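Chains as they are written, first to last, in my numbering: chain W, 1 to 450; chain V, 451 to 900. Idealized CB from N, CA, C, for every residue including glycine. This one's a predicted model, so the numbers in the text were calculated from it and none came from an experiment. Structure first, commentary second.
Structure follows, in structure tokens:
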């Protein structure tokens with residue numbers, strides 16, 4: 001019988017802090033990193049190549065090794081297991097990992113052990129897609145309502161969404177699936193860009209990148225804010241000048257404010273006609289987000305990239321705390337938990353606009369948004385997935401954005417495989433890039449010491 | 451100048467699963483464990499002994515090593531630092547650790563990196579107490595209101611509690627401090643016992659231990675519930691029979707229920723006159739706890755041992771979701787975050803009944819409850835700290851319980867130092883105990899293989 005034969009875990013880090021890519025009010029020196037999980041088997045994919053599964057979670061540098069230790073412990077429980085049994089019960093595999101009581105204690109279902117769970121289960125889902133010869137969005141969209149609900153983690157959600165409601169909700173979308181898939185193939189899934197607005201960029205670079213975004217057809221642009229109100233006004237003015245009155249402008253504070261401060265700051269920027277304020281305060285503060293939303297309306301409130309599990313999303317929705325639900329594919333417990341959140345958001349009528357950027361998040365969120373469109377919410381009205389233009393060159397099946405829309409991936413899997421050469425070069429600390437940089441630093445230190 | 455010269459991190463695990471100590475509806479095979487942090491200096495304590503600091507966080511087995519990796523990274527940033535500078539700004543030291551943006555990404559302020567932060571800062575507080583020649587509860591209680599507020603982490607709390615309110619609240623308690631300290635010294639701080647009610651114990655053992663608790667003078671007893679309703683009725687009946695109608699009976703479900711299920715189950719046990727239901731559902735579910743509390747009143751709702759940071763406690767209090775606030779000294783970011791929660795709870799008038807048990811938690815919570823009584827809430831009415839009678843023999847200054855009350859610790863520090871021999875024997879996997887057990891397992895496997 002075909003078996004999962006092995007796992008490798010790589011701590012991969014890219015030196016993005018050198019160019020201020022990814023800089024915001026909370027995170028000034030992010031080195032975009034991934035814990036990269038590879039599952040191997042003793043069998044072949046439908047195309048005859050060796051069947052493997054690749055998954056990752058995203059971190060911003062130090063501590064990536066901590067997540068790697070956790071991922072190894074979780075992934076090793078899969079080694080030696082019957083492949084058909086694993087792929088035939090993806091809900092059960094997830095539940096087995098998430099309910100290991102000793103590991104659960106370290107969260108539960110949050111922080112390092114949930115990031116690592118995401119990496120491992122993302123690899124399992126990639127394996128499932130490759131085994132079926134389908135991209136993951138399509139694998140999921142082709143499931144029956146019962147099958148899709150069976151992979152979803154609905155624990156702790158029944159006061160907001162029962163299994164029966166979830167199935168009924170999915171059944172209502174069965175009819176239009178084919179037409180929506182055709183629409184996706186024709187026009188892609190709408191996205192917005194954050195590439196212009198990092199806080200470490202100069203005003204000139206901001207202006208130039210906003211213009212480039214307009215030229216590339218984007219209708220939504222997002223800026224980082226939250227360090228200096230007067231400078232935020234200048235930056236919003238530059239963006240608004242370039243994009244004109246009709247395109248949408250969003251801002252993102254990356255959790256730097258207390259609740260009352262968030263309200264004051266956002267109100268002071270309201271004149272720039274903002275679509276949403278993202279992460280105005282602690283990602284744990286459901287009631288705080290609800291208070292902010294009430295005070296800054298009609299500016300919307302968006303959060304979720306640090307929403308650590310489905311229970312938090314349930315509450316954001318129950319409390320009327322968010323206008324946009326930003327699930328993250330590296331932080332939630334892979335598609336098992338993401339499907340649960342998509343179902344909740346559909347029930348509450350809140351649009352899902354996944355968080356992306358980082359390493360490999362764009363590659364994954366396109367699958368999430370397409371699944372949402374085809375099988376769950378049935379619409380992309382008011383929805384845009386995030387897109388950030390960096391680090392895609394490290395992936396074997398990078399996402400493709402055309403006319404401000406993600407083009408549906410067609411290759412089997414979750415688009416999560418990295419080039420072996422990228423992994424080899426950027427493994428920390430032993431990859432060629434880091435060894436060389438370490439050698440340079442030693443030389444510099446010696447030179448400085450005279 | 452005196453300096454922090456080094457740190458050691460030990461992964462210490464006790465084989466508690468062998469005796470079902472610590473078994474509950476979620477955690478059936480806990481091996482009580484600690485990540486144990488030792489800070490060394492090049493100076494001496496007031497009594498002339500080498501000045502060291504000892505701290506820990508508590509886990510239940512596998513994954514203790516993951517927390518140890520994180521603790522090492524955080525603790526190493528303290529090595530080489532000027533001791534007086536560190537001890538003169540304990541708020542700043544905490545804020546420096548908690549705001550390392552790359553490590554923060556892995557939480558933020560939750561899960562593994564927050565457990566490890568607790569272990570490290572607990573060691574720093576122990577060091578501070580030893581340096582001052584005072585037990586930590588007394589070190590904190592002797593601070594001025596401004597000094598105490600300066601060590602507290604009030605970030606994200608200002609919509610519920612401002613710095614000015616916190617200072618005013620503390621000033622109101624200044625006068626009675628001496629009398630309350632005298633009261634503590636005379637009668638101790640009231641506690642309850644969970645030692646009787648682990649789920650893996652037989653009914654006869656439950657009955658015997660309840661009787662022992664009564665004989666020892668306890669007025670409160672807690673049982674684990676949540677696997678089998680009919681058996682829970684039997685267990686509650688046994689406990690009520692033994693303790694009589696006047697003593698308090700609490701139950702603890704360790705997060706196993708969804709919200710509606712919690713309500714039904716607790717209502718079905720209401721006839722046993724329960725004081726509180728603890729952890730009825732996901733520890734993240736503020737709104738769920740609020741719904742349960744409304745439905746099961748007058749039975750109280752208690753939670754907090756998995757309350758991952760002060761923002762969660764703020765919301766539990768704002769939402770009227772809890773009757774008892776169970777802070778945990780291994781999960782919150784040490785006394786810096788605990789003081790913030792004590793201040794919040796005092797403002798909202800909710801009693802703090804700290805979670806304990808595990809490894810070393812009883813040793814720490816006595817300091818927390820005494821600080822709360824002397825300087826913050828000013829009362830122990832309606833409050834009981836948890837006490838579980840195991841593993842105290844591994845500590846050099848174990849907590850002492852007399853007539854169902856914690857006796858105020860008098861030795862300098864946080865009562866967190868373990869015997870070097872305990873650390874040596876139970877270090878995992880290289881300690882003598884685990885080496886021997888591994889050898890036994892190898893022999894057993896060989897024998898079984900014939």
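- Quick one: Cα of residue 529 of chain V to Cα of residue 457 of chain V, how far? For residue 529 of chain V and residue 457 of chain V, the distance between alpha carbons rounds to 7 Å.
- Query: Quick one: complete alpha helix (DSSP H) runs, 4+ long, within the region 783–838 of chain V?
  - Reply: Here the runs fully enclosed are 784–798 and 811–821.
- Message: From the DSSP secondary-structure annotation, give me the bridge partner or partners of residue 504 of chain V.
- Response: V:488, per the DSSP bridge assignment.
- Item | Interfacial residues, the region 268–296 of chain W to chain V, with Cβ spacing under 9 Å | Of all residues in the region 268–296 of chain W, 281, 282, 283, 284, 285, 286, 287, 288 and 291 have a Cβ within less than 9 Å of some Cβ in chain V.
- Query: Using a beta-carbon distance below 7 Å, is residue 560 of chain V in contact with chain W?
  - Reply: When Cβ-Cβ separations below 7 Å define contact, residue 560 of chain V makes contact with chain W.
- Task: Output yes or no for whether 7 Å exceeds the beta carbon distance between residue 91 of chain W and residue 150 of chain W.
- Result: Contact check for residue 91 of chain W against residue 150 of chain W passes: the beta carbons are separated by less than 7 Å.
- In terms of residue numbering, what span does the alpha helix (DSSP H) encompassing residue 544 of chain V cover? Segment 540–548, the alpha helix (DSSP H) holding residue 544 of chain V.
- Task: Use the C-beta contact count for residue 231 of chain W: other C-beta atoms within 10 angstroms, 16 or more gives buried, fewer gives exposed.
- Result: Exposed, by the Cβ-count rule.
- Item | residue 162 of chain W in three-state terms, based on DSSP | Correct three-state label for residue 162 of chain W: coil.
- Query: So, residue 342 of chain W versus residue 376 of chain W, is the Cβ gap smaller than 7 Å?
  - Reply: With respect to the 7 Å criterion, residue 342 of chain W and residue 376 of chain W are classified as neighbours on the basis of their beta carbons.
- Query: How big is the Cα-Cα spacing for residue 558 of chain V and residue 552 of chain V?
  - Reply: Whole-angstrom Cα-Cα distance: 10 Å.
- Message: To be precise: take each residue of the region 505–533 of chain V, compare its Cβ to all Cβ atoms of chain W, and keep it if any distance is under 8 Å. Which residues remain?
- Response: Per Cβ criterion, the list reads 509, 510, 511, 512, 513, 515, 516, 517, 519, 520 and 523.
- Item | Closer than 7 Å to chain W by CB, residue 921 of chain V | Given that chain V is displayed from residue 451 to residue 900, the structure contains no residue 921 of chain V and the question cannot be resolved.
- In chain order, which continuous runs of the beta strand (DSSP E) of length 3 or greater are located wholly inside the region 225–281 of chain W? As far as the region 225–281 of chain W is concerned, its whole beta strand (DSSP E) runs of at least 3 residues are 248–252 and 274–278.
- Where do the ends of the alpha helix (DSSP H) carrying residue 16 of chain W lie? No alpha helix (DSSP H) contains residue 16 of chain W, which DSSP labels as neither H nor E.
- Kindly give me the distance between the Cβ atoms of residue 86 of chain W and residue 4 of chain W, rounded to whole angstroms, as I take these residues to be in contact under 8 Å. Yes, they are in contact, since the Cβ atoms of residue 86 of chain W and residue 4 of chain W sit about 7 Å apart, within 8 Å.
- Query: From the DSSP output, which residues share a beta bridge with residue 775 of chain V?
  - Reply: Its beta-bridge partners are V:753 and V:802.
- Query: Name the residues in the region 296–309 of chain W whose C-beta lies less than 7 Å from a C-beta of chain V; which are they?
  - Reply: Going along the region 296–309 of chain W in chain order, one finds 306, 308 and 309 with a Cβ nearer than 7 Å to chain V.
- Give the secondary structure of residue 480 of chain V by DSSP, where H, G and I count as helix, E and B as strand, and everything else as coil. The answer is coil: DSSP assigns residue 480 of chain V none of H, G, I, E or B.
- Collapsed DSSP secondary structure at residue 313 of chain W in the structure displayed: DSSP places residue 313 of chain W in helix when its eight states are reduced to three.
- Task: With DSSP collapsed to three states, give me the class of residue 456 of chain V.
- Result: Strand, per DSSP.
- Query: Do the region 47–59 of chain W and the region 106–125 of chain W make contact, defined as three or more Cβ pairs closer than 8 Å?
  - Reply: Cβ pair count under 8 Å is three or more, so yes.
- Message: Contact defined as beta carbons within less than 8 Å: I believe residue 671 of chain V pairs with residue 693 of chain V. What is the distance between those atoms, to the nearest angstrom?
- Response: Going by Cβ atoms, the distance from residue 671 of chain V to residue 693 of chain V rounds to 6 Å, so yes, they are a contact pair.
- Give the residues from the region 597–617 of chain V that approach chain W closer than 8 Å (Cβ to any Cβ), ordered along the chain. Hits within the stretch, in order: 605, 606, 607, 608 and 609.
- Message: Tell me which residues of the region 245–265 of chain W have at least one Cβ-Cβ distance to chain V shorter than 8 Å, keeping chain order.
- Response: Residues passing the 8 Å Cβ filter: 255, 258, 259, 260 and 261.
- Item | Residue nearest to residue 251 of chain W in terms of C-alpha spacing, selected from W:345, W:315 and W:195 | Of W:345, W:315 and W:195, the smallest CA-CA separation from residue 251 of chain W is found for W:195.
- Task: Output the boundary residues of the alpha helix (DSSP H) element that contains residue 595 of chain V.
- Result: First-last of the alpha helix (DSSP H) with residue 595 of chain V: 595–601.
- Go ahead and pull the three-state DSSP assignment for residue 630 of chain V. Residue 630 of chain V: helix per DSSP, three-state reduction.
- Message: Looking at the secondary structure, which residues open and close the beta strand (DSSP E) in which residue 641 of chain V lies?
- Response: Segment 639–647, the beta strand (DSSP E) holding residue 641 of chain V.
- Under a CB-based cut-off of 7 Å, is residue 122 of chain W close to chain V? Any Cβ of chain V closer than 7 Å to the Cβ of residue 122 of chain W would place that residue at the interface, and such an atom is absent.
- Task: Flag residue 312 of chain W as yes if its beta-carbon sits less than 7 Å from any beta-carbon of chain V, otherwise no.
- Result: By this cut-off, residue 312 of chain W is an interface position.
- Task: Just list the alpha helix (DSSP H) runs in the region 97–130 of chain W, keeping only unbroken ones of 4 residues or longer that don't cross its boundaries, in chain order.
- Result: For secondary structure counted as the alpha helix (DSSP H) over 4 or more consecutive residues, the region 97–130 of chain W holds these complete runs in sequence order: 101–104.
- Item | residue 355 of chain W and residue 397 of chain W closer than 7 Å at C-beta | Contact flag unset, no.
- Close beta carbons around residue 207 of chain W, own chain, < 7 Å, minus the five adjacent residues each side: Result list for residue 207 of chain W: 238 and 242, in chain order.
- Message: Distance check for residue 362 of chain W and residue 190 of chain W, CA to CA, integer angstroms please.
- Response: If you draw a straight line from the Cα of residue 190 of chain W to the Cα of residue 362 of chain W, it comes to about 13 Å.
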